[in-house]
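**Q** Below you will find the structure I want to go over with you.
There are 2 protein chains.
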Amino acid sequence: MTKARKAILEALKASVQPVTAMMLAKEPSLSYDQATVYRNLHYLEELGMAQSFILHCTEHGTERYYSYRGADCGIHHHWFHCEKCHRFIDLGSCGYDEQMHAWEKKWDFTITDHTFFLTGICSACKA
Amino acid sequence: MTKARKAILEALKASVQPVTAMMLAKEPSLSYDQATVYRNLHYLEELGMAQSFILHCTEHGTERYYSYRGADCGIHHHWFHCEKCHRFIDLGSCGYDEQMHAWEKKWDFTITDHTFFLTGICSACKA
DNA sequence: GGAAAATTTGCGAATGACTTGCAAATTTTT
DNA sequence: AAAAATTTGCAAGTCATTCGCAAATTTTCC
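Protein chains in written order, with this note's numbering: chain A, 0 to 126; chain B, 0 to 126.
Right, here's the structure in full:
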């Protein structure tokens, strides 16, 4: 595992919030080329050490957000995104296996991935 | 309501599958400029007559898909997307109001939107 | 009904996230 | 530690989507 790879994985692991490739590329403590960041995020996701979703927010446009996914942090997570302060709230581990299994049976398809997230205004921003 | 607007809304209404702006722009029977298509899809969504979600598929890249949303077609729908044949399967009306209300209570945020869809291989493509 | 005001359209150029080709640098193999 | 394989940085490219602006259409008002 290369230096860049390790650094990017560590950054993901350390971040409480999902982050974009751009955020990581601009992080002074990392300072890897954006192409390298993009490539390594792909790599880490393929390995199952990261998970991502694409989110559009009026202020920041459409971007893919990554978060760490390790044995220690449980499985697939879902998030709420505040459109005012742009913070994410972790809704916890995904609890939809059962429902998805039911759908697979009903429609006879095979689910390889699912996307779920919420957007709105968080408690702090409402006040 | 302008001619373009009407035509685009009709196209959405007529389509069984969610469609992208590009698909509509390239439809010979419509032949409106892409900027017009994009602008009117935004308009229709703001009015609540269309709904959309962003989906990334390896073959077609990242695009926003729109579908009709009228009194006659029920409320918010969710979809399964087959990564082989690129067809969508309508999973029916969204049944998550309760769960989302529970989340709003638990976290004290206000949900303005939610995104949910599945990707995988459909029945026909497995065979 | 028709002229003025307001909105929308088409065109071309711009934006911004993400990707790619390629030579140099690093990592892995042996 | 040299050869082989992979990864990196850079610069240029791609592609969905947006924007500015003048011309065309739609709406408003008399």
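Where a beta carbon is used, it is the ideal one built from N, C-alpha and C, also for glycine.
#1: Any chance the region 114-123 of chain B sits against the region 87-99 of chain B, with 3 or more Cβ pairs inside 8 Å?
#2: Mind listing the chain B neighbours of A:W102? Cutoff is C-beta to C-beta under 8 Å, in chain order.
#3: If you draw a straight line from the alpha carbon of B:K125 to that of A:W106, how long is it in whole angstroms?
#4: Determine, for B:T1, whether the minimum Cβ-Cβ distance to residues of chain A falls below 8 Å.
#5: Out of B:G47, B:S28, B:F52, B:R38, which has the shortest C-alpha to C-alpha gap to B:H77?
#6: Which of the three DSSP states is assigned to B:M4 in this structure?
#7: Does A:T35 come out as helix, strand or coil in the three-state DSSP assignment?
#8: Excluding the 5 residues flanking B:L40 on each side, which residues of the same chain have their C-beta closer than 6 Å to its C-beta?
#9: When you compare only the Cα positions, how much space is there between A:L46 and A:L8?
#10: For the alpha helix (DSSP H) holding A:L23, just list the boundary residues, first then last.
#11: Quick check on A:C121: buried or exposed, where buried means 16 or more other Cβ atoms within 10 Å of its Cβ?
#12: Check whether the Cβ of B:H41 lies closer than 8 Å to any Cβ atom in chain A.
#13: Can you tell which of B:T57, B:E26, B:T61, B:G60 has the C-alpha that lies nearest to the C-alpha of B:A6?
#14: Assign A:V127 to buried or exposed, taking buried as 16 or more other Cβ atoms, counted over all protein chains shown, within 10 Å of its Cβ.
#15: In the DSSP assignment, what residue or residues form a beta bridge with B:Y67?
#16: Going by Cα to Cα distance, which pick from B:A101, B:A24, B:L43 is closest to B:A34?
#17: For A:C121, which residues in chain B fall below 7 Å Cβ to Cβ?
#18: Looking at the C-beta of A:H75, does it have a partner C-beta in chain B at a distance below 8 Å?
**A** Well, looking at it:
#1: yes
#2: In the first sequence, counting from the first residue as 1, residue 102 of chain A sits at position 103. Neighbours of A:W102 on chain B, chain order: F79, L90, L117.
#3: Within the second sequence, the letter at position 126 stands for residue 125 of chain B. Within the first sequence, the letter at position 107 stands for residue 106 of chain A. Rounded to the nearest angstrom, the two C-alpha atoms are 12 Å apart.
#4: One-based indexing of the second sequence puts residue 1 of chain B at position 2. No, B:T1 lies away from the interface with chain A (no Cβ there is under 8 Å from its Cβ).
#5: Taking the second sequence and counting its residues from 1, one reaches residue 77 of chain B at position 78. Ranking the options by Cα distance to B:H77, first place goes to B:F52.
#6: In the second sequence, the residue the question calls residue 4 of chain B occupies position 5. Correcting the residue identity first, residue 4 of chain B is Arg in this sequence and not Met. Reduced to three states, the DSSP call for B:R4 is helix.
#7: In the first sequence, residue 35 of chain A corresponds to position 36, counting from 1. Helix at A:T35.
#8: In the second sequence, the residue the question calls residue 40 of chain B occupies position 41. Within the same chain, B:L40 has close Cβ partners A20, Y65.
#9: Translated into positions along the first sequence, residue 46 of chain A becomes position 47. Translated into positions along the first sequence, residue 8 of chain A becomes position 9. The alpha-carbon atoms of A:L46 and A:L8 are separated by roughly 11 Å.
#10: Position 24 of the first sequence, counted from the first residue, corresponds to residue 23 of chain A. Note, A:L23: alpha helix (DSSP H), 20-25.
#11: Within the first sequence, numbered from 1, the residue matching residue 121 of chain A stands at position 122. The residue in question, A:C121, is buried, as its Cβ has 16 or more Cβ neighbours within 10 Å.
#12: Position 42 of the second sequence, counted from the first residue, corresponds to residue 41 of chain B. Closer than 8 Å: no.
#13: Within the second sequence, residue 6 of chain B is the residue found at index 7, counting from 1. The candidate whose alpha carbon is nearest that of B:A6 is B:E26.
#14: Only positions 0 to 126 of chain A appear in the structure, and residue 127 of chain A is not among them; the question remains open.
#15: Locating residue 67 of chain B in the second sequence gives position 68, where the first residue counts as 1. In the DSSP output, where bridge partners are listed per residue, B:Y67 has B:A49.
#16: The sequence position of residue 34 of chain B within the second sequence is 35, counting from 1. B:A34 has its Cα closest to that of B:A24, out of B:A101, B:A24, B:L43.
#17: As a first step, residue 121 of chain A is located in the first sequence; it is residue number 122 there, counting from the start. The answer, in chain order, is F108.
#18: If you number the first sequence from 1, residue 75 of chain A lands on position 76. It does not: the Cβ of A:H75 has no partner Cβ on chain B nearer than 8 Å.
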